[in-house]
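The sequence shown lines up with residues 1 to 425 when you count with the working numbering. Okay, structure first, notes after.
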Amino acid sequence: MRAVDIIQKKRDGLELSSAEIKWLIEGYVAGQVPDYQMSAFAMAVYFKGMTTREISDLTMTMVGTGEQIDLSEIAGIKVDKHSTGGVGDKVTLILVPLVASFGVPVAKMSGRGLGHTGGTIDKLESIKGFEVERNQEDFIKQVQELGLSVIGQSDQLVKADKLLYALRDVTATVDTIPLIASSVMSKKIAAGADSILLDVTVGEGAFMKNLTDARVLARTMVDLGKAVGRKTVAVITDMSQPLGRAIGNRLEILEALEILQGKGREDISDFICRLAQIMLGLADLEVSLEEVHSHLLDGSALKKFEEMVEAQGGDLQDLYRPSQAEFVLEIKADETGYIADLPAMEFGLFAMRLGAGRAVKSDDLDFETGIVFEKKVGEKVAAGELLAKIYANQKISQELVTEFKKNVKISNEPKKVSEIIEVIA
Ligand code: URA
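Given below as structure tokens:
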């Protein structure tokens, strides 16, 4: 076989055979297919798409390019969760201990942030001492003993995705359904959980910009999961505005603690309780929303989180430390009205420029910086009232303030927002 023939076939909109997909992906991981041919292939997929059969072959070939985690030593139904990416997305930090507080084990591997989106592993690393790299044995042992662990994704898992994702990132081929579905599901299948909850984000700050595409991606991934015997449910969630109040690593840890103490914003707390209810259902545990909520109010979810932090070397004193950003600037509203728009992508990029995110993989992060919103879309605001606080370690210029304010749209009409748009099972 030759890579050029496979690229041409896809470029011309034809269906690839299982053998062709396997040859190309395995050749790429072995270093026999160069980056330039793989980029051309990714672009051909971007424009011509893939059939369900091709996506399934691509996913399973990718699973085979690395180790597969065996969680069978952990008793009970293991549930996993994955988000297709967002701004201010601290859901895992709360959801994992919340689900674990019901006795359902969660062994989760998470990623780092890139561009406008953040990553759970970076947020956890903003806690002094927290270790995100664990060998498989210790990871499994912790889940057996405590019921939860969140670690960085092993280098040995789905090697094809590691290479391909980095390539897609610099060749404008990330936001295409076949490649997102195979990337996400290959990692979830290799990570070994019995059941999977997929959070498919939609909106300005997400890879899927409209509901139609989000539905296709969600359905594709749910079907891939079910085809290999994993109970899989997807929720389509709004990412037109940042999730919750905070963007930025330390600031998001603090917001997660607020929610874990039952003191978070009602919208995000309710949203996470619904996700927890679905995840518990995936582990065959039917629980009312009130009961889920009670684990935030009575401290049992927080206790699980603290146990995890301690077990992974994190400093419990440092956990509650406020941001040490040198400059904190209050942004006040210029007019009275309702918040109509807080574009997630723009604020994600804004936070990135403050040092909270990476423009390129090698960038160092400033854990202390970011944004905390006091008002979210749909809420009333009066002229002069506090909209947000910017946390920075460099002096905040007037240009930056003007840019921030330009992105906060205020109108006369209240707008209704809902975090969960649809559930696809
Ligand atoms: N998240 C992933 O893991 N892969 C993608 O391709 C997009 C989002």
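Idealized CB from N, CA, C, for every residue including glycine.
In whole angstroms, what is the alpha-carbon distance linking residue i and residue j?
i           : j           : result
residue 372 : residue 246 : 4 angstroms
residue 139 : residue 384 : 50 angstroms
residue 208 : residue 421 : 13 angstroms
residue 442 : residue 412 : Nothing about residue 442 can be read from this structure; the chain reaches only from 1 to 425.
residue 11  : residue 62  : 21 angstroms
residue 118 : residue 31  : 30 angstroms
residue 345 : residue 14  : 35 angstroms
residue 318 : residue 184 : 33 angstroms
residue 232 : residue 214 : 16 angstroms
residue 221 : residue 176 : 13 angstroms
residue 410 : residue 268 : 22 angstroms
residue 96  : residue 171 : 33 angstroms
residue 362 : residue 335 : 41 angstroms
residue 352 : residue 406 : 17 angstroms
residue 425 : residue 279 : 12 angstroms
residue 270 : residue 242 : 16 angstroms
residue 330 : residue 387 : 8 angstroms
residue 6   : residue 49  : 14 angstroms
residue 76  : residue 286 : 15 angstroms
residue 398 : residue 9   : 53 angstroms
residue 199 : residue 327 : 34 angstroms
residue 141 : residue 16  : 42 angstroms
residue 263 : residue 149 : 24 angstroms
residue 305 : residue 88  : 19 angstroms
residue 408 : residue 202 : 20 angstroms
residue 313 : residue 131 : 6 angstroms
residue 291 : residue 120 : 26 angstroms
residue 374 : residue 178 : 38 angstroms
residue 396 : residue 360 : 23 angstroms
residue 402 : residue 358 : 23 angstroms
residue 55  : residue 274 : 30 angstroms
residue 46  : residue 205 : 20 angstroms
residue 52  : residue 182 : 11 angstroms
residue 173 : residue 35  : 13 angstroms
residue 4   : residue 37  : 7 angstroms
residue 23  : residue 165 : 18 angstroms
residue 224 : residue 28  : 23 angstroms
residue 255 : residue 308 : 17 angstroms
residue 417 : residue 212 : 18 angstroms
residue 435 : residue 155 : Here the chain comprises residues numbered 1 to 425, so residue 435 is not present and cannot be evaluated.
residue 219 : residue 423 : 10 angstroms
residue 439 : residue 228 : Because the chain here runs from 1 to 425, residue 439 falls outside it and cannot be looked at.
residue 354 : residue 404 : 12 angstroms
residue 112 : residue 230 : 25 angstroms
Taking C-beta to C-beta, are residue i and residue j nearer than 8 angstroms?
i           : j           : result
residue 26  : residue 59  : no
residue 92  : residue 108 : yes
residue 196 : residue 70  : no
residue 239 : residue 378 : no
residue 104 : residue 234 : no
residue 67  : residue 237 : no
residue 78  : residue 194 : yes
residue 315 : residue 90  : no
residue 144 : residue 74  : yes
residue 435 : residue 380 : Absent from the model: residue 435. The displayed extent of the chain is 1 to 425, so no value can be given.
residue 217 : residue 180 : yes
residue 265 : residue 244 : yes
residue 415 : residue 340 : yes
residue 152 : residue 133 : yes
residue 367 : residue 110 : no
residue 40  : residue 167 : no
residue 382 : residue 311 : no
residue 123 : residue 253 : yes
residue 370 : residue 251 : yes
residue 356 : residue 342 : no
What I want to know is whether the C-beta of residue i ends up closer than 7 angstroms to one or more non-hydrogen atoms of the ligand SAM.
i           : result
residue 402 : This structure lacks the ligand SAM; the ligands present are the ligand URA.
Below 8 angstroms on the Cβ atoms is my contact criterion, and I expect residue i with residue j to pass it. Report the Cβ-Cβ distance as a whole number of Å.
i           : j           : result
residue 276 : residue 99  : 5 angstroms
residue 57  : residue 94  : The Cβ separation is near 36 angstroms, so there is no contact.
residue 293 : residue 101 : That pair is no contact at about 12 angstroms.
Output yes if chain C places a C-beta closer than 8 angstroms to the C-beta of residue i; else output no.
i           : result
residue 258 : No chain C is part of this structure, which consists of one protein chain only.
Legend entry - Touch test, the region 175-190 against the region 158-165, Cβ-Cβ under 8 angstroms, three pairs minimum: yes
Inset, instruction - Inspect the CB distances between the region 390-407 and the region 318-325 and report whether three or more fall short of 8 angstroms. - result: yes
Inset, instruction - Spell out a yes or no on whether the region 250-264 and the region 293-302 are touching, meaning 3 or more CB-CB pairs, one atom from each, closer than 8 angstroms. - result: yes
Legend entry - contact_flag[the region 110-125, the region 335-351] where n(CB pairs < 8 angstroms) is 3 or more: yes
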